[in-house]
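Visitor: Sharing a structure below in C-alpha cells format, with a few things to ask.
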Amino acid sequence: MTSTITLESLEAGLREPFALEEISFLPKAPTNEGGKWTCLALPYADKRVYEDRLNELAFGLWSTPPNPPFVAGNKLVIPVTVLLCGVQHTDYGEAFLSSVSRKGEMREEENSATEAYSQGFRRACAQFRLGRYLYSLPKVRVLYDPTRREIALSSQQKQELAERLYRKAGLLPAATSYPVPESRANTTAPASTGPAEGGRAAGNATEAQVQRIHQLCQTLKQTPPDPSHLSAEAARELIAQLTRAYKERYPIAAAASRS
20 MTSTITLESL EAGLREPFAL EEISFLPKAP TNEGGKWTCL ALPYADKRVY
70 EDRLNELAFG LWSTPPNPPF VAGNKLVIPV TVLLCGVQHT DYGEAFLSSV
120 SRKGEMREEE NSATEAYSQG FRRACAQFRL GRYLYSLPKV RVLYDPTRRE
170 IALSSQQKQE LAERLYRKAG LLPAATSYPV PESRANTTAP ASTGPAEGGR
220 AAGNATEAQV QRIHQLCQTL KQTPPDPSHL SAEAARELIA QLTRAYKERY
270 PIAAAASRS
C-alpha cells in the first residue's frame, strides 16, 4: 500500500533540527574592547543541508519556481519561492553589490547572487518550519579575527558551541549518548585468548554493528554510544530499537528502501 506524502505528514521531519556538524556560524556586529575583538555568532546551515532534508522527506515533490531579481541601492534582492506538496512560500534574500576592501577601496562583490539566493531560499524554507529553530537559538559573543573577518574558533570549537546552544534550547537530551538497553549495557564479554576480527574481543559489538549504529544515530540526529561498552547482543537490540525509531520517523523513506 502506497502512502501519500502531505505537508502535514512532513511536519515532524521539517521541524527536526539539523545535525550538529551541519551548523556553521556567521560573524555579526564585531566589537573591539580593550584590544580584544569579539562578535556575535549567528548559527546557520548551508543551503545544501536544507536541500538534502527536502530530498530526504519529499524527493521530487518540491521545487523552486523562478522569480526575477531586482536592485535596491547597493543591494541585489532575489525573491525565492519554495513549492512543497502544492504549498508555496516566498521570501527575500539580499546581498551587497559592492563593498569597501581592506585597503579602503570599493570593490565589486563576486558572489552577490549566490548569497542573496541562498538567504532567500533558507528564509522561504523557514516558513515551512524547516530550519526555523535556528532563529531562536541563544545568541553568544565569541572571539573574532578582524584581519580575516571571520570567527576565531576551530572547527571542533564551533561544533562544541553548536552543542551548547542546542542544549540551552532543549534540542538535545541531558544524556550525551543514545540510551543503551539497560539489561545489556554492561554485559561482560567472554574471555578470549587473542583479539577477534577487527581488533575487538570476542562477544563485543562487531565493526558492522558499530557502523550501522553510527549510520542510524546520524540519521536520527542522536549521539552514538561508546562501542567499547556494547556487547554483540546489546548492539543487536540497539540496532532494532534505532530501526524502529527510523521507521516511525521516516515511514515513506523506510518503505522505499524495502521496495
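Take the sequence shown: its position 192, counted from the start at 1, is 211 in the working numbering, and no numbers get skipped.
Ideal Cβ positions, reconstructed from N, Cα and C, are used throughout, including at glycine.
1) According to DSSP, is residue 16 part of a helix, a strand, or is it coil?
2) Do you know offhand how far residue 35's Cα is from residue 128's?
3) Just curious, the beta strand (DSSP E) that residue 253 is in, first and last residue?
4) Going along the chain, which unbroken runs of the alpha helix (DSSP H) with 4 or more residues stay wholly within the stretch 86-174?
5) Once DSSP output is grouped into helix, strand and coil, what is the label at residue 39?
6) Are residue 170 and residue 44 closer than 8 Å when you measure CB to CB?
7) Relative to the C-alpha of residue 137, which candidate in 235, 53, 32 and 95 has its C-alpha closest?
8) Could you give the distance in angstroms between the alpha-carbon of residue 246 and the alpha-carbon of residue 154?
9) So residue 99 and residue 139 are in contact, right, with Cβ under 8 Å, and what is the actual spacing, rounded?
10) By the three-class DSSP mapping on this structure, what secondary structure does residue 244 have?
11) Just the Cα atoms here: how many angstroms apart are residue 234 and residue 134?
12) If we call anything under 8 Å between Cβ atoms a contact, is residue 42 one with residue 181?
13) Here's a check: name, in chain order, each residue in its chain whose Cβ is nearer than 6 Å to the Cβ of residue 228, leaving out the five neighbours to either side.
14) In three-state DSSP terms, what is residue 50?
15) For residue 232 versus residue 191, is the C-beta spacing smaller than 8 Å?
16) Note down, in chain order, each residue of its chain lying with its Cβ closer than 7 Å to the Cβ of residue 143, except the 5 sequence neighbours on either side.
17) Do three or more CB pairs link the stretch 78-91 to the stretch 156-163 at distances below 8 Å?
18) Quick one: what's got a C-beta closer than 6 Å to residue 76's C-beta in the same chain, skipping five residues either side?
19) Here's a check: name, in chain order, each residue in its chain whose Cβ is nearer than 6 Å to the Cβ of residue 106, leaving out the five neighbours to either side.
20) With 16 as the cutoff for other CB atoms within 10 Å, does residue 165 come out buried or exposed?
21) Can you name the start and end residues of the beta strand (DSSP E) that residue 61 belongs to?
22) Drop a sphere of 10 angstroms on the beta-carbon of residue 241, count the other beta-carbons inside from all chains shown, and report buried for 16 or more, exposed for fewer.
23) Once you ignore the five residues that flank residue 264 on each side, which residues in its own chain have a CB closer than 7 Å to its CB?
24) Taking Cβ positions, are residue 131 and residue 115 nearer each other than 8 Å?
25) So, using beta-carbon positions, are residue 103 and residue 80 closer together than 8 Å?
26) Less than 8 Å between the C-beta atoms of residue 163 and residue 56, yes or no?
Guide: The answer reads as follows:
1) Absent from the model: residue 16. The displayed extent of the chain is 20 to 278, so no value can be given.
2) 34 Å
3) First-last for residue 253: 251-268, but that is the alpha helix (DSSP H), not the beta strand (DSSP E).
4) 131-145
5) helix
6) yes
7) 95
8) 35 Å
9) 3 Å
10) coil
11) 32 Å
12) yes
13) 254
14) strand
15) no
16) 99, 100, 101, 108, 109 and 110
17) no
18) 29 and 32
19) 26
20) exposed
21) 55-64
22) buried
23) 239
24) yes
25) yes
26) yes
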